[in-house]
Every structure is written in C-alpha cells, then in structure tokens.
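Residues in the sequence shown are numbered from 59 upward in steps of one, following my numbering. Backbone N, C-alpha and C fix where the C-beta goes; we use that ideal spot for every residue, glycine too. Given the structure is predicted, the values throughout are model-derived calculations rather than measurements.
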Amino acid sequence: MLFIVLSFIFLLAGFIYLKYKSEYWKKRGVVQSNFVLFKFIWSNRALPEIYKNVYDEYHKESYVGTFLGLKPALIIKNVQDVQAVMQSNFENFHSRGINFNPNDLLADNVLFIDDYRRWKLLRHKLSPVFTSMKLKNMFYIMERCARDFVEFVNNEPDISGNSFNALYTYTTASIAASIFGIDTHTQNTMDSPFLKMTRETTEPSFANNLKFSLSNFSPTIFNLLNLKSFGKYEDFFISFVKNVLKSRRNEEQKRHDFADTCLELQKQGTMRDPATGYEIDASDEILAAQAFFFFVAGTDTSATVMHFALLELAANQDILKRLHNEIDKAFDQCNEKLTYEDVEKLEYLDMVVSETMRKYPPIGAIQRRCTKSTVLPYGQVPVNSREIIVIPVYALHRDERYFPNPNLFDPERFAPENLSKIVKFSYLPFGEGNRMCIGKFNI
Numbered sequence: 059m060l061f062i063v064l065s066f067i068f069l070l071a072g073f074i075y076l077k078y079k080s081e082y083w084k085k086r087g088v089v090q091s092n093f094v095l096f097k098f099i100w101s102n103r104a105l106p107e108i109y110k111n112v113y114d115e116y117h118k119e120s121y122v123g124t125f126l127g128l129k130p131a132l133i134i135k136n137v138q139d140v141q142a143v144m145q146s147n148f149e150n151f152h153s154r155g156i157n158f159n160p161n162d163l164l165a166d167n168v169l170f171i172d173d174y175r176r177w178k179l180l181r182h183k184l185s186p187v188f189t190s191m192k193l194k195n196m197f198y199i200m201e202r203c204a205r206d207f208v209e210f211v212n213n214e215p216d217i218s219g220n221s222f223n224a225l226y227t228y229t230t231a232s233i234a235a236s237i238f239g240i241d242t243h244t245q246n247t248m249d250s251p252f253l254k255m256t257r258e259t260t261e262p263s264f265a266n267n268l269k270f271s272l273s274n275f276s277p278t279i280f281n282l283l284n285l286k287s288f289g290k291y292e293d294f295f296i297s298f299v300k301n302v303l304k305s306r307r308n309e310e311q312k313r314h315d316f317a318d319t320c321l322e323l324q325k326q327g328t329m330r331d332p333a334t335g336y337e338i339d340a341s342d343e344i345l346a347a348q349a350f351f352f353f354v355a356g357t358d359t360s361a362t363v364m365h366f367a368l369l370e371l372a373a374n375q376d377i378l379k380r381l382h383n384e385i386d387k388a389f390d391q392c393n394e395k396l397t398y399e400d401v402e403k404l405e406y407l408d409m410v411v412s413e414t415m416r417k418y419p420p421i422g423a424i425q426r427r428c429t430k431s432t433v434l435p436y437g438q439v440p441v442n443s444r445e446i447i448v449i450p451v452y453a454l455h456r457d458e459r460y461f462p463n464p465n466l467f468d469p470e471r472f473a474p475e476n477l478s479k480i481v482k483f484s485y486l487p488f489g490e491g492n493r494m495c496i497g498k499f500n501i
C-alpha cells in the first residue's frame, strides 16, 4: 500500500514536471507528444501499441519527441536512423536505458542489463548455448515435449476455449526441460510454480506498469524504496538453480543444456574479458539470473508467437492447407521421426513464423540511451547524452511504406525470392546489431 501511495505522489510530481517541460522537443524543431507513460499506466494497452498510436498520429513526421518518466525520449520512424542507433553508431547507443535495483539479483544481472561491459562478457560466455550444434543436441528434448503436448491436447476436451494457456504450458515445460533437463509433462506443468512465475512476471498489470513507470521517473527513488522487478520469485528461483547445479555436479553424462554450460563456466573460474580486463564471478546467483531471463523471456514470447500463428492459420485456410501439406510430407519422408535437419528444411513453416513475428512482434519496442551526444543521420536531429531513443518495432512492422497492405497476413513476403525486397532495419522481431536478442539463433 505504501508503495502505491508513494508512487502516486512521485507520478503526480512527474506530471507537473512534464507540463513544465512541454516545449522541450519543440525547441529543436521536433513535434512533441506528452504523457505517453501516463497513458500506459492507466490503460490496458501495451506500451508498443501506445507508441504506434503516436507513430500514426504524426504520420508525416520522421521523429516524435516525448518523455518516459523524467527522461526525454525520441521516437524514430526512419530506418536510416534505426540502422545508425543499432549498428553504425552503436558506440553511442549501447545502453538500453533500463534501470533496475542493484539489489535485485535476478533483474540486475540478466542479459538485458544496462552495464555494457557486464552484458558483453555474459553474452560472449552464454552465446554457445544457442549454437546450431547445441540446439541439435537438445532437439530430442523439444521433440519429446512436443509429442507429450499433442497427447495432452488430444485428451483435453475444453482446450479450444483456452488455447493460449495451453501453449503457455507447453513452452514452460519445453524450455524448463531444455534449460535444466527437467522431465516435466504438460499436464503436470499446469500446477507448476514455473508456470505461475512466468505468467505473473510477464502479464501486464497495474502494479507492474507502476513499477516500470516509477523506475523511469526516478531510478533513485525506485532503489530507495528497494523495489524489485522480480523479487517475489528471487529466493525460489535461485534456490532451484543451486539445487539443479548441485545434483548435476555428481552426474557423469553430459546433457548439453544450459545447466551443463553453467557448470563448465564455474569450472573455468572467474569470467574475464581480455580486452578490457572486466571480471565477473560465475556464481550460482549470476547464472541463476541468466537462466531466469532465458526461461521467462523464452516462455512468453514463444507462446505468443505460436498463439497468433494459430489464429492466423485458422482465419486463412489456404495458408493452413499449404503448411499442413508441407509438414505431412516431411513426416512421411522421415517415418514420423523428425530430426533437427528436417525442421530446418520446412521452408513454408519458416515463412509463416516470420510473417507472424512481422505482424505480432514478440518485442514490440526497443529503447536505447544515448551515452555521448551525437546527430542522427536522417534530418540531422541532435541527440544529447542520456536522452532515450525509442524504436517502435510494432509500428514499423505495420508501416505500409515498408510492408504494403500491412494488416494482411501474407507469408509470401518472406519467400526466398522476396527477401531482398524487405527494407533493412524495417523488420526487427529480435532487434538488430550487437545487442540483438540471443534467441534469434533459436529460430
């Protein structure tokens, strides 16, 4: 209760401050849309949807200035600027500009972290988990979970009215098995604390929105209140990972999953970047944070993409029939025992998934913080240090300049012969550049 009362006081102060700053961007010749974050707090819409409303409202503009809490932010709409922020001028935009409590062991140590040196070292050490060879070695786990899910669906008469929850249950079981080697059946996962954890940490709620907004309004106050983004599950998850690693140390057989990678890192000792000398201890807590991030992020995004894909297939019977035929043919050729290589050859499936992520991107917006004052190439707009850049992925994916008839579900956009027509940096389901989502290698 105290958190809510104090949050309202700070947000009210922020509202007054923003009224005072209502001319901030206009002085640079940039149109300004105020109170974006307030609209997010008080509505049931996701922040990317609100960005899209701003994007469409100022459709003739190349930039729209706003504030994220007390932070001035610039919503960019031209792919030339997107490319500069994510790639060519990356050294000035490597920070995500997202604040977490340093005492939040899970949130402050994930691959989403703001500290570039820490992120770079962790990314380098954990990337091998997503190599083709590692995924190939884990394929039997995913295949077993998929067969278990099919059996679950066949025996569950009421699943049609709750398909998203069913998919969420499947991705929870599948990713838990892939990361930790846990044999979790779909039916058992219904009552799993993992399922409850992922749903509560990713579902939009007034409390979650308020925490996010307060961290933007004043990171200092956010930390003084000792607020934690994932504090509710910190003890449970860290304790669980410690127990998994402890039991694995006594096993001789390798499973080639995330837990094995963690053990290997701990055997090597302190993680060190030879270029900078930056070091991180490969503690159970640090590795638990990485596992938490992979688990929560992978479960929610995978279930969401599958859910929207199924909705579009149900509404487009011709696409469904073509995909069904491709999959049936693959099963016939391999005697119903698909391999990793067989799935890689499913070209139309890849097109359907790509179009689903175009129309319903798993990451609807990306933000970066400017670390050194610079100028964006399109329109030569100056950006000062500590200002935020917002890349509205959801809006870009539905911009008819880049994707004609954007509301039409059309997998042919991603046919091999059409890939060259897609404007670079207009399609960003995983982001791009050095800090693109590590999960891209899982597709």
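Discussion item. By the DSSP assignment, the beta strand (DSSP E) with Tyr121 in it spans what residues?
Written reply: Looking up residue 121 in the sequence shown gives position 63. Start and end: Tyr121 to Leu126.
Worksheet entry | Boundaries of the beta strand (DSSP E) in which Lys129 is found, first to last residue | If you number the sequence shown from 1, residue 129 lands on position 71. Per DSSP, Lys129 belongs to the beta strand (DSSP E) from Lys129 to Ile134.
Fill in: Segment limits, beta strand (DSSP E) that includes Arg426
Taking the first residue of the sequence shown as 1, we reach residue 426 at position 368. Element bounds for Arg426: Ile424 to Arg427.
Worksheet item: Using the beta-carbon count (16 or more within 10 Å), is Leu477 buried or exposed?
Response: On the sequence shown, position 419 is the one that residue 477 refers to. By the neighbour-count rule (16 or more Cβ atoms within 10 Å), Leu477 is not buried but exposed.
Worksheet entry | Beta-carbon spacing of Arg416, Phe488 below 9 Å | Reading the sequence shown from its first residue, position 358 is the one you call residue 416. Reading the sequence shown from its first residue, position 430 is the one you call residue 488. No, the pair does not count as a contact, with Cβ atoms beyond the cut-off.
Practice prompt. Throw me the rounded Cβ distance for the Leu179 and Asp331 pair, which I believe falls under 8 Å.
Written response: For the purposes of this step, residue 179 is taken as the residue at position 121 of the sequence shown. For the purposes of this step, residue 331 is taken as the residue at position 273 of the sequence shown. Rounded, the Cβ-Cβ distance is 5 Å, consistent with contact.
Practice prompt. Report back the beta-carbon spacing between Tyr121 and Ile134 to the nearest angstrom; my notes put them in contact at under 8 Å.
Written response: Your numbering for residue 121 matches position 63 in the sequence shown. Your numbering for residue 134 matches position 76 in the sequence shown. Contact holds; Cβ gap of about 6 Å.
Worksheet item: If we ignore side chains and look at the alpha-carbon of each, how far apart do Glu115 and Ser91 end up?
Response: Sequence index remark: in the sequence shown, residue 115 carries index 57 (1-based). Sequence index remark: in the sequence shown, residue 91 carries index 33 (1-based). Cα to Cα, the separation comes out at about 10 Å.
Worksheet item: Counting Cβ pairs closer than 8 Å, one from the stretch 138-147 and one from the stretch 439-452, do we hit at least three?
Response: yes
Worksheet item: Is the beta carbon of Asp342 sitting closer than 9 Å to the one on Phe238?
Response: As a first step, residue 342 is located in the sequence shown; it is residue number 284 there, counting from the start. As a first step, residue 238 is located in the sequence shown; it is residue number 180 there, counting from the start. No, Cβ-Cβ distance for Asp342 and Phe238 is not below 9 Å.
Discussion item. I'd like the list of long-range same chain contacts for Thr334, defined as Cβ closer than 7 Å, with 5 residues on each side in sequence excluded.
Written reply: Translated into the one-based positions of the sequence shown, residue 334 becomes position 276. Result list for Thr334: Arg175, in chain order.
Practice prompt. Indicate whether Glu370 and Glu384 have their beta-carbon atoms separated by less than 9 Å.
Written response: Along the sequence shown, read from residue 1 onward, the residue named residue 370 stands at position 312. Along the sequence shown, read from residue 1 onward, the residue named residue 384 stands at position 326. No, they are not a contact pair.
Practice prompt. Leaving out five residues on either side along the sequence, give the residues of the same chain with a beta carbon under 7 Å from the beta carbon of Glu201.
Written response: As a working note, residue 201 is residue 143 in the sequence shown. So the qualifying residues of the chain are Leu396.
Worksheet entry | Where the alpha helix (DSSP H) containing Ile447 begins and where it ends | The count along the sequence shown starts at 1 and reaches residue 447 at position 389. Unbroken run through Ile447 is the beta strand (DSSP E), Ile446 to Ile449; no alpha helix (DSSP H).
Discussion item. So, with DSSP's three-state summary, where would you put Met494?
Written reply: In the sequence shown, residue 494 corresponds to position 436, counting from 1. It is coil, neither helix nor strand.
Worksheet item: Going along the chain, which residues of its own chain have a beta-carbon closer than 8 Å to the beta-carbon of Asn374, five neighbours each way excluded?
Response: Here residue 374 corresponds to residue number 316 of the sequence shown, with the count starting at 1. Once the five neighbours on either side are set aside, the close Cβ partners of Asn374 are Phe467.
Worksheet entry | Contained alpha helix (DSSP H) runs [length at least 4] in the stretch 287-345, N- to C-terminal order | 292-306 and 316-326
Discussion item. Checking 9 Å against the spacing of the C-beta atoms, do Leu132 and Val439 come in under that value?
Written reply: Walking along the sequence shown from the start, residue 132 turns up at place 74. Walking along the sequence shown from the start, residue 439 turns up at place 381. In contact: Leu132 and Val439 (Cβ atoms closer than 9 Å).
Worksheet item: Which residue comes first and which comes last in the alpha helix (DSSP H) that contains Lys379?
Response: The residue labelled residue 379 in the question sits at position 321 within the sequence shown. It spans Gln375 to Gln391 - the alpha helix (DSSP H) in which Lys379 sits, taken as one unbroken run.
Discussion item. Since His455 and Pro420 should fall inside the 8 Å C-beta cutoff, what is the C-beta to C-beta distance between them, to a whole number of angstroms?
Written reply: Here residue 455 corresponds to residue number 397 of the sequence shown, with the count starting at 1. Here residue 420 corresponds to residue number 362 of the sequence shown, with the count starting at 1. In fact, because the Cβ distance is near 11 Å, the residues do not count as touching under 8 Å.
Practice prompt. Take Trp177 as the anchor and find which of Thr229, Glu337 and Glu309 has the nearest alpha-carbon.
Written response: Numbered from its first residue, the sequence shown carries residue 177 at position 119. Here the closest residue by C-alpha is Glu337.
Practice prompt. Report, in whole angstroms, the separation of the C-beta atoms of Val143 and Arg426, which I expect to be a contact under 8 Å.
Written response: One-based indexing of the sequence shown puts residue 143 at position 85. One-based indexing of the sequence shown puts residue 426 at position 368. Rounded, the Cβ-Cβ distance is 6 Å, consistent with contact.
Fill in: Cβ shell of Lys312 (< 8 Å), same chain only, five flanking positions each side left out
Numbered from 1 along the sequence shown, position 254 holds the residue referred to as residue 312. Cβ neighbours of Lys312 beyond the five flanking positions: Asp318.
Discussion item. If I follow the unbroken alpha helix (DSSP H) through Met200, where does it start and stop?
Written reply: Taking the sequence shown and counting its residues from 1, one reaches residue 200 at position 142. Taken as a continuous stretch (DSSP letters only), the alpha helix (DSSP H) holding Met200 covers Ser190 to Asn212.
Item to complete: Have a look at the DSSP bridge pairing and note the partners of Gln90.
Response: As a first step, residue 90 is located in the sequence shown; it is residue number 32 there, counting from the start. DSSP, once it has assigned bridges, lists Gly123 as partnering Gln90.
Worksheet item: Can you name the start and end residues of the alpha helix (DSSP H) that Arg176 belongs to?
Response: Your numbering for residue 176 matches position 118 in the sequence shown. Looking at the DSSP string, the run of the alpha helix (DSSP H) that includes Arg176 is Tyr174 to Leu184.
Practice prompt. Just confirm the distance between the C-beta atoms of Thr357 and Thr189, as a whole number of angstroms; I'd bet it's less than 8 Å.
Written response: Your numbering for residue 357 matches position 299 in the sequence shown. Your numbering for residue 189 matches position 131 in the sequence shown. That belief does not hold up - the Cβ atoms of Thr357 and Thr189 are roughly 21 Å apart, past 8 Å.
Discussion item. Per DSSP, what are the beta-bridge partners of Ser153 in this structure?
Written reply: Translated into the one-based positions of the sequence shown, residue 153 becomes position 95. According to DSSP, Ser153 bridges with Arg427.
Practice prompt. Let me know the secondary structure DSSP gives Val410 once reduced to three states.
Written response: Locating residue 410 in the sequence shown gives position 352, where the first residue counts as 1. In the structure shown, Val410 sits in a helix (DSSP, three-state: H, G or I).
Fill in: Cα-Cα separation, Arg103 to Phe96
Mapped onto the sequence shown, residue 103 falls at position 45. Mapped onto the sequence shown, residue 96 falls at position 38. The alpha-carbon atoms of Arg103 and Phe96 are separated by roughly 12 Å.
Discussion item. Taking the alpha helix (DSSP H) that Glu107 belongs to, which residues open and close that run?
Written reply: Here residue 107 is taken as the residue at index 49 of the sequence shown, counted from 1. Residues Leu105 to Glu115.
Discussion item. Which residues does DSSP list as the beta-bridge partners of Pro215?
Written reply: By 1-based counting over the sequence shown, the position of residue 215 is 157. Answer is none; Pro215 lacks a bridge partner.
Worksheet entry | Phe238, enclosing alpha helix (DSSP H) - first and last residue | Here residue 238 corresponds to residue number 180 of the sequence shown, with the count starting at 1. Segment Ser221 to Phe238, the alpha helix (DSSP H) holding Phe238.
Worksheet entry | Pick from Cys203, Gly155, Met494 and Ile240 that is closest to Leu126, judged by C-alpha positions | Position 68 of the sequence shown, counting from 1, holds the residue named residue 126. Among Cys203, Gly155, Met494 and Ile240, the Cα nearest to that of Leu126 is on Gly155.
Worksheet item: Do you know how far the Cα of Arg205 is from the Cα of Asn308?
Response: One-based indexing of the sequence shown puts residue 308 at position 250. One-based indexing of the sequence shown puts residue 205 at position 147. About 30 Å.
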